[in-house]
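Trainee: Before I ask anything, let me first share the structure, which is written out below as structure tokens.
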Amino acid sequence: MLKDITLGQYFPVESLLHRLDPRTKIILVICYIVSIFLANDVYTYLVLAAFTFGVIALSKVPVKLYFRGLKPLWLILLFTAAINLFLTSGTYIGGRPFLWGIGITWEGLFLAIKMALRLILLILGSSVLTYTTSPIALTDGIEKLLSPFARMGLPAHELAMMMSIAIRFIPTLIEETEKIVKAQEARGACFDHGNVVRRAKALVPMLVPLFISAFRRADDLAVAMEARCYRGGTGRTRMKQIRFSAMDLYACLVFVAYLGVLITCKVVV
Amino acid sequence: MSIETRALHYTYMPGSPFEKQALTDINLTIRDNEFIGLIGHTGSGKSTLIQHFNGLLHPSSGEILVGGLDVNKKETDKQELRRQVGLVFQYPEHQLFEETVERDVAFGPKNLGLSEEEIHERVLEAIHYVGLDEALLKKSPFELSGGQKRRVAIAGVLAMRPKVLILDEPTAGLDPAGRDEILTQVRALYLAHKMTVILVSHSMEDIAKLATRVIVMHKGRVAMDGTVPEVFARAAELRQMGLDVPQVTRLAEEMAKRGMPIGDGIYTVERAKSAILMQLGLLKNQKGKEGAGK
């Protein structure tokens, strides 16, 4: 059950997108998300889809993986589609509502399709970032992007450090959970039987040791970091410098070109 | 109670890029009242194998019978299986969770649905087996020392009164005194209750001292299976697998090389001591004879 969790989906292959500066990717993804909301007719959606799949192809990550990433969200997709489908006013398909004033309108149908496409493209586009950027590069990028705000008192380095530690410990804690579950099962515990109350109670023998071990690990990590003279971000250099290169410039230019096409489509058509 | 495996294979995460064949073609019969020493390099499949013995893992293919129960079958009662086969994981003190030692040890018996009196009786018995004081029963397990915590955790498994006791490196991270105590208690349990014991250990000394049969795992296969002398006689092979023979055996080898053979089959310190004494005695006698000859 726990093995199904895929966090930190970084897919390590060599591609142009993998080599980009994480900052470029973060900013472009934010711009991309905004650009999704510019699209509202067939042509703009075509431009949007073409760009998205072009980028996906460039990432050299199997397309199958992108669509697998959509799976956990199908409920939300279905829910928004249904709401739009039934609750949009306009001309009913077939001329009249079919039950108690509830019916599907043409406007609702289009809106539902549009919203579903929007969500799907949003997820696909932002997964490009997580598939092509390792968690460490990602937090480095976020730290660099937030560093101008450090003067205003934003603890950019600390935030980034907390994030990378949290990401680092997810697999460790999953492993730990599996071990504890097994150990308690060996003592006759049952995690998948009985009603809700019984199941919730059955979690106590799992959660208590897990919390204790999480605190122990945090303690150990703090000591290990201090032993290596960690004292926050000031004056700290890094092994992997992130640099804005010519490639990042090209990436930005390509994105601007895409935006141009999108806006032209929107204005002209 | 016996455990039997036939052509047992196990693969971790089949069908994913992380697929790993952990066990290959394991055929073992573990009989009643054996004391098995299970050794092998890290990642050789020891831990995976023992988790099959109480149904925590299911073989990818092959059969496993525990006391006649087929672990593979859906209708096999897992609770019953786990009552029969007690498994103490590595660092078992990390699984403690209750407010008092008593309640933590009672967790297993409680899951078996026993009566209050029966549970209490078993808790006392288990605490006694592992050599803990009854005064600790009302304490929080988190106040205890590392060695005491470990014994509470082992008591938690013993309170289920298993017929087979599996211990995965029960002495890892303990001081020498704590180590000896736990192993002595395991041995006492084995002798008193005709239990089957499977001890996973990296200490060849402990294995040599305690086991009646040694199983060596290597790369997911059973590489050797025999008595202590049979296995430790193959020192070169063991070293190739990243294992070794007991240190006294190495001492005996070295002594033989340097011209003072004290005999083969030296696996424990006690045995080495008497052999060396005997050898010294012989030397003295010879010297005495030589002296008399002059």
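The listed protein sequences correspond, in order, to chains A and B.
Going by the working numbering, the first sequence opens with residue -12, and the numbers climb by one from there.
Going by the working numbering, the second sequence opens with residue 522, and the numbers climb by one from there.
Virtual Cβ for every residue (Gly too), placed ideally from N, Cα, C.
Since we're looking at a predicted model, the values are computed, not measured.
Any contact between the stretch 637 to 651 of chain B and the stretch 668 to 683 of chain B? By contact I mean 3 or more CB pairs, one from each, below 8 Å.
Mentor: Yes, the stretch 637 to 651 of chain B touches the stretch 668 to 683 of chain B.
Trainee: Counting pairs of Cβ atoms below 8 Å between the stretch 718 to 736 of chain B and the stretch 559 to 568 of chain B, do you hit three or more?
Mentor: Because the criterion of three Cβ pairs below 8 Å is met, the stretch 718 to 736 of chain B and the stretch 559 to 568 of chain B touch.
Trainee: Would you say the stretch 190 to 204 of chain A touches the stretch 159 to 177 of chain A, given that touching needs at least three Cβ pairs under 8 Å?
Mentor: At 8 Å Cβ cutoff, the stretches touch.
Trainee: List, in chain order, every chain B residue whose beta-carbon is nearer than 9 Å to that of residue 210 (chain A).
Mentor: What you label residue 210 (chain A) is simply residue 223 of the first sequence in a count that begins at 1. Going along chain B, no residue has its Cβ under 9 Å from residue 210 (chain A), so there is no contact; the nearest lies around 17 Å.
Trainee: Apart from the five residues just before and just after residue -2 (chain A), which ones in its own chain have a Cβ nearer than 7 Å to its Cβ?
Mentor: The residue given as residue -2 (chain A) occupies position 11 in the first sequence. Hits under 7 Å: 48, 52 and 118.
Trainee: With DSSP run on the structure shown, which of helix, strand or coil describes residue 744 (chain B)?
Mentor: Position 223 of the second sequence, counting from 1, holds the residue named residue 744 (chain B). If DSSP states are grouped into helix, strand and coil, residue 744 (chain B) belongs with the strands.
Trainee: So which residues of chain B does residue 200 (chain A) contact, with C-beta pairs closer than 7 Å?
Mentor: Here the question's residue 200 (chain A) lines up with position 213 in the first sequence. Going along chain B in sequence order, the residues near residue 200 (chain A) (Cβ under 7 Å) are 615.
Trainee: For the candidate residues B:698, B:793, B:572 and B:730, whose alpha-carbon lies nearest to that of residue 685 (chain B)?
Mentor: Along the second sequence, one-based indexing puts residue 685 (chain B) at 164. Closest option to residue 685 (chain B), Cα to Cα, is B:572.
Trainee: May I ask which residues mark the beginning and end of the beta strand (DSSP E) holding residue 528 (chain B)?
Mentor: In the second sequence, the residue the question calls residue 528 (chain B) occupies position 7. Segment 524 to 533, the beta strand (DSSP E) holding residue 528 (chain B).
Trainee: Which chain B residues sit within Cβ distance under 8 Å of residue 47 (chain A)?
Mentor: Locating residue 47 (chain A) in the first sequence gives position 60, where the first residue counts as 1. Per Cβ cutoff of 8 Å: no residues; residue 47 (chain A) is ~15 Å from chain B at best.
Trainee: With respect to the alpha helix (DSSP H) encompassing residue 730 (chain B), which residues constitute its N-terminal and C-terminal limits?
Mentor: Numbered from 1 along the second sequence, position 209 holds the residue referred to as residue 730 (chain B). Taken as a continuous stretch (DSSP letters only), the alpha helix (DSSP H) holding residue 730 (chain B) covers 725 to 731.
Trainee: Leaving out five residues on either side along the sequence, give the residues of the same chain with a beta carbon under 7 Å from the beta carbon of residue 171 (chain A).
Mentor: As a first step, residue 171 (chain A) is located in the first sequence; it is residue number 184 there, counting from the start. 192 and 193, listed in sequence order.
Trainee: Run through the DSSP bridge pairs and tell me what residue 738 (chain B) is partnered with.
Mentor: Here residue 738 (chain B) refers to the residue found at position 217 when the second sequence is read from its first residue. Partner(s): B:561 and B:743.
Trainee: Whole angstroms is fine: what's the gap from residue 576 (chain B)'s alpha carbon to residue 97 (chain A)'s?
Mentor: Stepping through the second sequence from its first residue, residue 576 (chain B) is reached at position 55. Stepping through the first sequence from its first residue, residue 97 (chain A) is reached at position 110. Each residue's alpha carbon lies about 53 Å from the other.
Trainee: So, using beta-carbon positions, are residue 719 (chain B) and residue 680 (chain B) closer together than 9 Å?
Mentor: Taking the first residue of the second sequence as position 1, residue 719 (chain B) is located at position 198. Taking the first residue of the second sequence as position 1, residue 680 (chain B) is located at position 159. Their beta carbons are not under 9 Å apart, which means residue 719 (chain B) does not touch residue 680 (chain B) by this criterion.
Trainee: Below 7 Å on C-beta distance, what does residue 170 (chain A) contact in chain B?
Mentor: Here residue 170 (chain A) is taken as the residue at index 183 of the first sequence, counted from 1. Near residue 170 (chain A) (Cβ distances below 7 Å), the residues of chain B are 610, 613 and 616.
Trainee: Kindly provide the ranges of any beta strand (DSSP E) runs that are 3 or more residues long and lie completely inside the stretch 592 to 629 of chain B, ordered along the chain.
Mentor: Here the runs fully enclosed are 606 to 609.
Trainee: For residue 582 (chain B), which residues does DSSP report across the bridge?
Mentor: Residue mapping note: residue 582 (chain B) aligns to position 61 of the second sequence, counting from 1. Residue 582 (chain B) pairs with B:530.
Trainee: According to the Cβ coordinates, are residue 580 (chain B) and residue 531 (chain B) closer than 9 Å?
Mentor: On the second sequence, position 59 is the one that residue 580 (chain B) refers to. On the second sequence, position 10 is the one that residue 531 (chain B) refers to. Result yes, Cβ atoms of residue 580 (chain B) and residue 531 (chain B) sit closer than 9 Å.
Trainee: Sorted by chain position, which residues of the same chain lie with C-beta nearer than 8 Å to residue 621 (chain B)'s C-beta, five sequence neighbours on each side aside?
Mentor: Residue 621 (chain B) sits at position 100 when you count from the first residue of the second sequence. The answer, listed in chain order, is 658, 659, 660, 661 and 662.
Trainee: Hey, residue 35 (chain A) and residue 20 (chain A) are a contact pair by Cβ (cut 8 Å); roughly how many whole angstroms apart?
Mentor: To locate residue 35 (chain A), count along the first sequence from 1; it is residue 48. To locate residue 20 (chain A), count along the first sequence from 1; it is residue 33. Not confirmed; about 11 Å, so no contact.
Trainee: For residue 196 (chain A) and chain B, any beta-carbon pair shorter than 9 Å?
Mentor: Stepping through the first sequence from its first residue, residue 196 (chain A) is reached at position 209. Closer than 9 Å to some Cβ of chain B, the Cβ of residue 196 (chain A) qualifies, so yes.
Trainee: Report the rounded CA-to-CA distance for residue 552 (chain B) versus residue 523 (chain B), giving the unit in angstroms.
Mentor: On the second sequence, position 31 is the one that residue 552 (chain B) refers to. On the second sequence, position 2 is the one that residue 523 (chain B) refers to. Those two C-alpha atoms are separated by around 5 Å.
Trainee: Sort A:215, A:159 and A:230 by Cα distance to residue 131 (chain A) and report the nearest one.
Mentor: As a first step, residue 131 (chain A) is located in the first sequence; it is residue number 144 there, counting from the start. Among A:215, A:159 and A:230, the Cα nearest to that of residue 131 (chain A) is on A:230.
Trainee: Establish whether the CB of residue 522 (chain B) and some CB of chain A are separated by less than 9 Å.
Mentor: On the second sequence, residue 522 (chain B) is found 1 positions in, with the first residue counted as 1. Chain A contact via Cβ: absent.
Trainee: Could you check the C-alpha separation between residue 711 (chain B) and residue 122 (chain A) for me, to the nearest Å?
Mentor: Translated into the one-based positions of the second sequence, residue 711 (chain B) becomes position 190. Translated into the one-based positions of the first sequence, residue 122 (chain A) becomes position 135. Each residue's Cα considered, the two are about 50 Å apart.
Trainee: What's the C-alpha gap between residue 544 (chain B) and residue 610 (chain B)?
Mentor: As a working note, residue 544 (chain B) is residue 23 in the second sequence. As a working note, residue 610 (chain B) is residue 89 in the second sequence. So the two alpha carbons sit approximately 19 Å from each other.
Trainee: Quick check on this structure: which residue in B:735, B:695 and B:705 has the alpha carbon closest to the alpha carbon of residue 750 (chain B)?
Mentor: Counting from one through the second sequence, the residue named residue 750 (chain B) turns up at place 229. Ranking the options by Cα distance to residue 750 (chain B), first place goes to B:735.
Trainee: Taking 8 Å as the cut-off, does the stretch 55 to 63 of chain A touch the stretch 98 to 111 of chain A (at least 3 CB pairs, one atom from each stretch)?
Mentor: With a cut-off of 8 Å, the stretch 55 to 63 of chain A and the stretch 98 to 111 of chain A count as touching, because enough Cβ pairs lie within range.
Trainee: Tell me the DSSP bridge mates of residue 79 (chain A)?
Mentor: For the purposes of this step, residue 79 (chain A) is taken as the residue at position 92 of the first sequence. A:92, per the DSSP bridge assignment.
Trainee: As a quick exercise: from B:566, B:574, B:636 and B:728, pick the residue whose alpha carbon is nearest that of residue 740 (chain B).
Mentor: As a first step, residue 740 (chain B) must be located in the second sequence, where it is residue number 219. Answer by Cα proximity: B:566.
Trainee: As an exercise, report each continuous alpha helix (DSSP H) stretch of at least 4 residues that is fully enclosed by the stretch 185 to 223 of chain A, in chain order.
Mentor: If we require 4 residues or more, the alpha helix (DSSP H) runs fully inside the stretch 185 to 223 of chain A come out as 191 to 214.
Trainee: Which of helix, strand or coil does DSSP assign to residue 701 (chain B)?
Mentor: On the second sequence, position 180 is the one that residue 701 (chain B) refers to. Three-state result, residue 701 (chain B): helix.
Trainee: How big is the Cα-Cα spacing for residue 158 (chain A) and residue 10 (chain A)?
Mentor: Along the first sequence, one-based indexing puts residue 158 (chain A) at 171. Along the first sequence, one-based indexing puts residue 10 (chain A) at 23. Straight-line Cα distance between these residues: approximately 25 Å.
Trainee: Is residue 754 (chain B) near residue 785 (chain B), with beta carbons less than 9 Å apart?
Mentor: Looking up residue 754 (chain B) in the second sequence gives position 233. Looking up residue 785 (chain B) in the second sequence gives position 264. In this structure, residue 785 (chain B) lies closer than 9 Å to residue 754 (chain B) by Cβ.
Trainee: Does the CB of residue 67 (chain A) have a neighbour CB from chain B at under 9 Å?
Mentor: The residue you call residue 67 (chain A) lines up with position 80 of the first sequence. No, its Cβ sits nowhere closer than 9 Å to a Cβ of chain B.
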